[in-house]
Amino acid sequence: MTSRLKRKLDNMGVDVSNVTENFCMIGTPLPSLEKADKNEFVPVWKQDVRDEKGRRRLHGAFTGGFSAGYFNTVGSKEGWTPATFVSSRANRAGKDQRVQRPEDFMDEEDLSELRADQKLVDTTHADGAPGDPAAPDDANIWNALVPSVRDSPGAKLLQKMGWRPGQGVGPRITYAKRRAQDRIAGAAASQEGDEMDDEEAGKHLYAPRDTVAVVYRAKEDSFGLGYVRGAGLREGDGGRGKKAEEGQAISAGFGLGALNDADEDDLDVYDGSRAPTDKRRLAYTIDEDEDEPVLLGSKQAAPFRRPAPTQPQTVQAQFFFPDGRPVLQGFKPAGAPLTEDVWFAPPEVPEDWKPDPSRVWELNGSVKEGGVGVQGKAVDGKPAPLRAEERGAMLGETPLAPRSVFDYLSKEARDRLQKASASLKPPSAVEIKKEPSPPPEVKMEIPVLEPATAAAALRGYQPFTADPVKQQRYTTYLQMQASRSELPAELAPLPRQEMDSFNKELEDYAKAARIFKPASGAMASRFTSSSTVEMDAKPREGLHAPEEQGGYLEQKAAEESRMEVQETPRQHAAKMGMFGPLTRDVSTWVPSKLLCKRFGVKDPYPDGVPGEEKPAVTPAWKAPESSTASQPLTNAVAASMLNQDKENVPTTKKDISNVGLGDDDDQGRDILTYEKPGMDIFKAIFASDDEDSDEEEEPPAPVPAPKVESTPLKSVENQSAAPHLTAESSSAAIYNPSGSDARQGLDISSFRPTFVPKTERRKDKEADNRPKKDKKDKKKKDKHLLVSFDAEEGITVTPSRDESSKKRKREDKERAKDRDRDREKEEKRKRRRAGEEEEDDGMWVEKPPPDVLVQAAVEKEPPSEANAHPGRKRAVDFF
Amino acid sequence: MAPSRGPPPTPRYLHLTLDSHTGPVHVVRYAKGAAKYILSGGQDRTVRLFNPDLGTEIKTYKGHGYEVLSITVSPDNSKFASGGGDRSVFYWDVTTGQTIRRLAGHIGRINAVEFNGDASVLASGSYDGKVNLWDLRAQGVRTPIQVLDDARDSVTSLSVASHLIVTGSVDGYVRTYDLRKGELHADYLGYPVTSVLPTADLQTVLATVLDSKVLLMDDSVGTALATFTGHKNDEYKARACFGHAEASVVCGDEDGRIWAWDLLDGKPMGDNPPPKVHKKVITWVEQHPVKSGEMVSASGDGTVKVWRDQITKNGENA
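As given, the protein sequences belong to chains S and U, one line each in that order.
With our numbering, the residue at position 736 of the first sequence is 736, and numbering never jumps.
Take the position in the second sequence, starting the count at 1, then add 1000; the result is the number in our numbering.
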């Protein structure tokens, strides 16, 4: 039950404590869907930052995120605290500088790695397969080959069959056999056997020795098989020295003389320099013996070995070279002769040799200007990188249909291009080879084209199709260039052609060929043929100038006319200034309710958008007028209505619009479509049953109190008119507070109880020409209060405010019996609320229900009463 | 002046020139009530409060980060709102010069802002094609009451009358939202609409289109009751307004002339063409809401000019 409903019921006089119904039959009511109000104030700390995908950006400290600053804003509640300036003048670097540690530069990942490295590791499983990354290659290979002895299914099977790690596989053997195995394996592990008692040992069977896994070294050098590198200078003695050096580092400290043996206590266990790659620092080494052959599951105890005693440096023999000279201190002559690296003498340079690169180029035969024929060869003899076409040819690809950029151009554009290219300066003289036969005065110059270019141009666009003769000559020229043949006869200068014009013609051909050479396949595929044909028939050189015949304006006009063709009738009408229905759209627009309220306009669509179908909702508090219109509305009736509503709830459609609203189907909606409850309810709440108190009722006034004071006459007027009118109206079940105007409908919105000061009230009563109830009435009111208190005693706790009323209460008790109890009961609730006001000097005067209404209430009471307290006995029932 | 003698003359005598804005002035508005003050906003990101009678600049409201394109004054003259390039409507307190609220919600510059009758709702039309209706009464509300997003292009102008919201947009439509009827009338005018202003009886709407035309549209049927032409306006937003008592229509043009037409016959009043009074485009003209003989105009030349219907001492000095 929502608090809103509670409040409403409370306002209506229903005892909320009795109404404990939850309309949700099964389960917990869902929170309403409409709770997510965007405008709802959310405190800063409840807001969460979300990225554009709606995921939360920042998390709390315990959910793995961070919260920048003070609630993601600034450093503190007050804002960023500015750092106070500290002069570094007196505080130079190094004096009080913070020592930077590597951790300062590590990010989160590094730090976690570091932490992981500092973790203790379990080494119990490390035997047999040392996991030390710095272990020798053999171990790594071993690791790679055999995953782990312990957990492989084979190992498990073997263990079930009696095999133990460290033993060989196979049936048990006698001691002698085992000795023999040891001998085969070498003297590596035969020490213990010697000490054993032979006779005793012979009585038992032993597990066979583990077979040594042979590890083959990968051949990493490029020497021949079986070649052993000669000991170089560095390896002769240095190898051993290095080994000695690699022994445990002796911690530098006191009390360890040069002659002392380094004890294990003196070892510098903190020396990290030994294994810089090893991030794990252990108090012990996982694999001490690197030389030991790897045994399958070898469990041999690796005793802590004392480091090999370092060579006492003072006890150094003085060495002499063969010629008698002493060897420098700290050195000794090599025992074995060093093999010398073989040096080959460079070839002899002939006397008459002169550097002449051109000879070499010629030898390679390719380096010519223009790069003709350089294919796959370069000056230095290395193969030049292949071009795409060459590769394609090698692979046997059929080349893409060669297409030139110019294939995609319109004819006019090509012509223009051609003209432009013709006007260009001839390219550098590199490409022009001199022809040996110069005709008369002007030499005939035939521009040279690369055969590939010529061939491509032949396949590509033919620019001179308009002129067949020219085209023919062009083709001939290209063919000549492609085949590198001599000038054919048909390309001879035309009968009346000057040589220079002929040369120019040929040059044009060469240029055209270069221009219209098709693009390479990759390029060609990027273009598509233009579909529009350029209308401009004759391109003009120079800057574009608008045409003389008013072209621009005409074009604009034409454009406009073209646009007019496309424009809609609406646009046309608008252009013509024919505004009206053609240019107008009328549509419904639903202003929001709040907007209407703010604008002081009645909502045009109070019950939803006309087009939309809203689910039929049974308004919870609509019932009074419809079902109980003629019924006097008492509290009990209100309660019965509650029951009605309860019955109604399951009948309402459960659809998407009202699901999730929890126990209140009309959440939100009842505010929007709230209808004032019928007048009877107000009457029932505020009206006393005293007939004459209704004369104090005022027509609703915005400022009630002063008005009453100023117009006592009016109220007299009213009360004279009131009785019959109210009777009339109540018979029609319409309550009319403004007695003077019977026809006028009740203005529900402005109805309110009027405030009348006590003095005024008295005056009014004196003015009343029915004085029978002026004092009695007051008494009766109190009486009602007390009686009702009594009647309900023990059932609902009514706070007794008046101690002195107890006596009267008793005597009222008798009278109460012959009074209508039900009326008292409703009085009780009214009193409970109105009690406080009644003690004041001025008081809220309540409109009593008219006679007929009260009468009806009496008649109608029993059923509603039963509804109000179903299955509950009251004190009255026992009388 | 007797109605038979036509509309009162347009104020043509220069009373004052206010040139404290640096850069074009986009808007100048009279205060409400007796309208003793004017507020102007310009490209220099300020809103300035002037006394048009004396020519004194009373206050400068700085806070906008971009140009100020529109201003609206609340009926009690205690607040005003301004919109501009910074996509938020600034709601100002006149006396303190502080922004009370900044209503952010548009994604384009705000071309027009307008209060409703009691300044409880603020309408803002933006370049993003939306009109946001903001609730100024509710506190802490960040979302508009309603968004009118019918316009398909920038909303250039906006007017709010008692139950009407009239918008003009670049898509060529004048849209009239009728709250009482719950109807939307969209009238296509063919050219971008740069200013809309309903008459007091809410029967007609004065609309300026970038076709060098000012149209008086009948809101009930959508016909053009009158067309006022002669001026040049096809590029800039030039706001047209009614002369005193809505007897005439006044609009500045891009040549710096202030045109005035008789509302009834649509003929230009006074000289044709009128004299050039501003150096650049006139962006805004506004008739004094009470006095018949006063008018202000704002221009792209950076000046606001106050016009009277007779020669004044100040005007002589100027």
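Glycine included, every Cβ here is placed at the ideal spot set by N, Cα and C.
Straight through space, the alpha carbons of R217(S) and A336(S) are spaced by roughly 27 Å. H1278(U) is classed as buried because its beta carbon has at least 16 other beta carbons within 10 Å across all chains shown.
When DSSP reads this structure, T1227(U) sits in a beta bridge with L1215(U).
For A1298(U), the secondary structure class from DSSP, reduced to helix, strand or coil, is strand. Separation of E103(S) and A90(S) (C-alpha to C-alpha, rounded to the nearest whole angstrom) is 28 Å.
From the beta-carbon of A1151(U), no residue of chain S is found nearer than 7 Å; the closest lies around 12 Å away. Interface flag for K1181(U) against chain S is set, since a Cβ pair is found closer than 8 Å. Remark: C-beta atoms of T1204(U) and K1237(U) do not approach each other more closely than 8 Å. Across the set K203(S), T339(S), E498(S), the C-alpha of K203(S) shows the shortest separation from the C-alpha of K177(S).
Counting other Cβ atoms within 10 Å of its Cβ, L1103(U) reaches 16 or more and is therefore classed as buried. Boundaries of the beta strand (DSSP E) harbouring S1159(U): 1155-1160, taken from the DSSP string. Taken through DSSP and simplified to helix, strand or coil, G608(S) comes out as coil. Against chain U, the CB of G577(S) has a partner CB under 8 Å away; the residue lies at that interface.
Note on P569(S): under 16 other CB atoms within 10 angstroms of its CB, so exposed under the neighbour-count rule.
As DSSP reads the structure, L1206(U) sits in a beta bridge with L1197(U), L1216(U).
Interface annotation for the stretch 447-467 of chain S against chain U: empty, criterion Cβ-Cβ distance under 9 Å. Listed along chain S, the residues sitting closer than 7 Å to V1121(U) by beta-carbon distance are L595, R598, F599.
The alpha-carbon of T1167(U) is positioned some 30 Å away from that of K1059(U). For M1217(U), the closest Cβ of chain S is nearer than 8 Å.
For the alpha helix (DSSP H) assignment, the stretch 1248-1316 of chain U encloses no uninterrupted run of at least 4 residues.
D500(S) and L449(S) have their C-alpha atoms some 19 Å from each other. For W1092(U), no alpha helix (DSSP H) segment is defined; the enclosing uninterrupted segment is the beta strand (DSSP E) at 1088-1093. L1136(U) and C596(S) have their alpha carbons spaced roughly 14 Å apart. Between T1223(U) and K1213(U), the CB-CB gap reaches or exceeds 8 Å. Assignment of P447(S) by DSSP, reduced to helix, strand and coil, places it in the strand class.
G1252(U) sits close to S1297(U), with the two beta carbons spaced by under 8 Å.
Taking the Cα of L338(S) as reference, the smallest distance to any Cα among R229(S), G324(S), Q329(S), D415(S) is reached at R229(S). In this chain, the alpha helix (DSSP H) harbouring Q571(S) covers 569-576. In this structure, the beta-carbon distance from H1021(U) to D1044(U) falls below 8 Å. Among the residues facing chain U, Y605(S) is included, as its CB has a counterpart in that chain under 8 Å away. With a 10 Å radius around the Cβ and a threshold of 16 neighbouring Cβ atoms, Y1127(U) comes out buried. Using beta-carbon distances, T84(S) does not count as an interface residue toward chain U, since no partner is under 8 Å. Under the DSSP definition of a beta bridge, A1081(U) partners with T1072(U), Y1091(U).
Remark: C-beta atoms of R1048(U) and G1085(U) do not approach each other more closely than 8 Å.
By the Cβ neighbour-count rule, D607(S) is exposed, with fewer than 16 other Cβ atoms within 10 Å of its own.
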